[in-house]
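Novice: I'd like to ask you about the structure that follows.
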Amino acid sequence: LQDARDGHDFVADAFARGARAAVVERAPEDIPGLTGGEVLVRVADARAALRALAESLRSEHAVPAVGITGSVGKTTAKEATAAALGARHRVLRTEASFNNELGVPLTLLRLEPSHDVAVIEMGFYVPGEIADLCTLVRPQVGLVTTIPDAPPHFARTPSLDAIVAGKRELIESLPPDGVAVLNADDARVRGMAARTRARVVLYGESADAELRATRVEAKGRAGLRMTVIAPEGEVEVHAPVPGRHLVAPLLGAIGAARALGVPLDEAATCVGAFTPPPHRMSVRTGARAGLTVLDDSYNASPAAVRGALDVLAGESGARIAVLGDMLELGSLAIVEHERIGALAAGAADVLVGVGDLGAVIVNAARRAGMREAHRAADAAEALVLLRRVLPEGTATVLVKGSRALRLDELADALAGTGA
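Take 1237 as the starting number for the sequence shown in my numbering and just add one per residue.
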């Protein structure tokens, strides 16, 4: 594959590490000779070849699939759905954020005869992308999480309506005997119900939701408690993930597993034991006594940052927010960073803004009356600054920003597992 880097440059190293074959568009120049039985398969288009391989494997293994999309919460929903289905099945799931025209085929190349079900995350950047991915994934169940007013990657899309239409392609692609699991609390997602042939299951806190969350308690780092009510009964869920904003993806995961025959109580138990992926609202013990790191550094969007700040606001002791740029917001960038700055002023005692737009967060926090608001150019400078301003005793540091800022390295350093 050729993109920012050329995959041909790594073929020799792959063979040295045990690869037996490589699909290439040209013969790499740095291979002196194939002496160990290695094979080069030359094709006109490596991307097309990848897709053809994935199509072939998908046809051989016709397991039911859950397709998951949304602007926020889809990775949490994906991991929780895989956990809930794991009560009864061996699950293939998307790793990391392999949710595009390359990542989805690569995921399906891991499909084995022992897998019973696939859980596939799908991202949207251009119209028709999810519809095309659905011809490969062939989802039986489609789960849509949330589409907020300021969605991530807004800079890549012409409008909010275009994002809704792109995400809706998943629901429109479902077969008549499929199930659309839709967030009843999000009007944009709820509205997709009219555009599918599949049976619709609404989930959320709305009174008309078939799968309804009641008595929701956000208990900070201790996680979430809620009662889940369905036509067949109700169950208590205690999930070890902090943040009320995670109710929707966790509830949607229960709905997706339930659509594929996992009993409500089993799905709820497995979601209750689910552990989020690294750097996604992970509660980590700091390198020094009394320090807790709320590591949500994997990525950032306005909705997710607001949810993380809500968790920080409920912590005891000193509260420190390290907030980096929220990238790809386009025309929404300045106003959304200003809103986050004003919120941070009320949720934290100390703020460190990282990056160019981090400066906008800091300035807005200062205008809101925050005295301890500092700006750092990058993660390394932020770490040096933190070590100077971090108070003694009990303290919680929230780390949140877009992946390009590499704030995960800062979180690792605070937790004593990095440089």
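Backbone N, C-alpha and C fix where the C-beta goes; we use that ideal spot for every residue, glycine too.
Kindly list the residues whose CB is nearer than 7 Å to the CB of residue 1360, restricted to its own chain and excluding five residues on each side of it in sequence; keep chain order.
Specialist: So the qualifying residues of the chain are 1305, 1366, 1399, 1402 and 1403.
Novice: When you compare each of 1506, 1314, 1346 and 1263 to residue 1333 by their alpha carbons, which one comes out closest?
Specialist: Among 1506, 1314, 1346 and 1263, the Cα nearest to that of residue 1333 belongs to 1314.
Novice: Looking only at its chain, what residues have a beta carbon closer than 8 Å to the beta carbon of residue 1282, apart from the 5 residues adjacent to it on each side?
Specialist: 1237, 1238, 1243, 1259, 1260 and 1261, listed in sequence order.
Novice: In angstroms, rounded to a whole number, what distance separates the CA positions of residue 1655 and residue 1497?
Specialist: Here the model assigns residue 1655 a pLDDT of 43, short of 50, so the residue's position is not dependable, and the following value carries that caveat. Straight-line Cα distance between these residues: approximately 46 Å.
Novice: Kindly give me the distance between the Cβ atoms of residue 1301 and residue 1394, rounded to whole angstroms, as I take these residues to be in contact under 8 Å.
Specialist: In fact, because the Cβ distance is near 29 Å, the residues do not count as touching under 8 Å.
Novice: Quick check on residue 1428: does DSSP put it in helix, strand or coil?
Specialist: Correct three-state label for residue 1428: helix.
Novice: For residue 1535, which of helix, strand or coil comes out of DSSP?
Specialist: Note: residue 1535 maps to coil in three-state DSSP.
Novice: Apply the 10 Å Cβ neighbour rule to residue 1310 and answer buried if 16 or more other Cβ atoms are within range, or exposed otherwise.
Specialist: Residue 1310 should be labelled buried.
Novice: Just grab the DSSP bridge partners of residue 1278 for me.
Specialist: Answer is 1260, bridged to residue 1278.
Novice: Select from 1428, 1546, 1378 and 1287 the residue whose C-alpha is nearest the C-alpha of residue 1583.
Specialist: Of 1428, 1546, 1378 and 1287, the residue nearest in Cα terms is 1546.
Novice: Which of helix, strand or coil does DSSP assign to residue 1457?
Specialist: Helix.
Novice: Please return the same chain residues whose Cβ sits closer than 7 Å to the Cβ of residue 1383, not counting the five positions on each side in sequence.
Specialist: Cβ within range, chain order: 1306, 1307, 1399, 1400, 1403, 1422, 1424 and 1425.
Novice: Under 8 Å by Cβ, that's how I've got residue 1432 and residue 1410 pegged, so tell me the actual separation to the nearest angstrom.
Specialist: The Cβ separation is near 6 Å, so the contact holds.
Novice: Assuming residue 1588 and residue 1612 are in contact, meaning their beta carbons sit under 8 Å apart, how far apart are those beta carbons, in whole angstroms?
Specialist: With 8 Å as the limit, residue 1588 and residue 1612 qualify as a contact, their Cβ atoms being about 6 Å apart.
Novice: So, under 8 Å CB-CB, residue 1544 and residue 1479 are touching, yes? Tell me the CB distance rounded to an integer number of Å.
Specialist: About 7 Å; that satisfies the 8 Å criterion.
Novice: What do you get for residue 1292, buried or exposed, if any count of 16 or more other CB atoms within 10 angstroms of its CB means buried?
Specialist: Per the 10 Å Cβ criterion, exposed.
Novice: Pick helix, strand or coil for residue 1468, following the three-state DSSP scheme.
Specialist: The answer is coil: DSSP assigns residue 1468 none of H, G, I, E or B.
Novice: Quick check on DSSP: helix, strand or coil for residue 1518?
Specialist: In the structure shown, residue 1518 sits in a strand (DSSP, three-state: E or B).
Novice: Give the DSSP bridge partners of residue 1556, in chain order.
Specialist: Paired residues: 1586 and 1633.
Novice: Is residue 1383 helix, strand or coil when you go by DSSP?
Specialist: It is coil, neither helix nor strand.
Novice: Whole beta strand (DSSP E) runs in the stretch 1355 to 1418 with 3 or more residues, listed along the chain?
Specialist: Within the stretch 1355 to 1418, the complete beta strand (DSSP E) runs of at least 3 residues are 1377 to 1380.
Novice: Counting only runs of 3+ residues fully inside the stretch 1271 to 1348, write out the beta strand (DSSP E) ranges in chain order.
Specialist: Segments of the beta strand (DSSP E) lying fully in the stretch 1271 to 1348: 1275 to 1278, 1301 to 1305 and 1327 to 1329.
Novice: Let's see if you can read the secondary structure: which residues bound the alpha helix (DSSP H) around residue 1477?
Specialist: Unbroken run through residue 1477: none, as it is neither H nor E.
Novice: What residues match up with residue 1462 in a beta bridge as DSSP calls it?
Specialist: In the DSSP output, where bridge partners are listed per residue, residue 1462 has 1473.
Novice: So the candidates are 1578, 1275 and 1418; which of them puts its Cα closest to the Cα of residue 1603?
Specialist: The residue with the shortest Cα to Cα distance from residue 1603 is 1578.
Novice: Which word fits residue 1528, buried or exposed, when buried means at least 16 other C-beta atoms lie within 10 angstroms of its C-beta?
Specialist: Residue 1528 should be labelled buried.
Novice: Where does residue 1351 fall in DSSP's three states?
Specialist: Residue 1351 falls in the coil class under three-state DSSP.
Novice: Could you check where the alpha helix (DSSP H) with residue 1621 kicks off and where it finishes?
Specialist: Run containing residue 1621: 1615 to 1625, per the alpha helix (DSSP H) assignment.
Novice: Just mark residue 1598 as buried or exposed, buried being the case when its beta carbon has 16 or more other beta carbons within 10 Å.
Specialist: It counts as buried.
Novice: Is the beta carbon of residue 1630 sitting closer than 8 Å to the one on residue 1557?
Specialist: No, they are not a contact pair.
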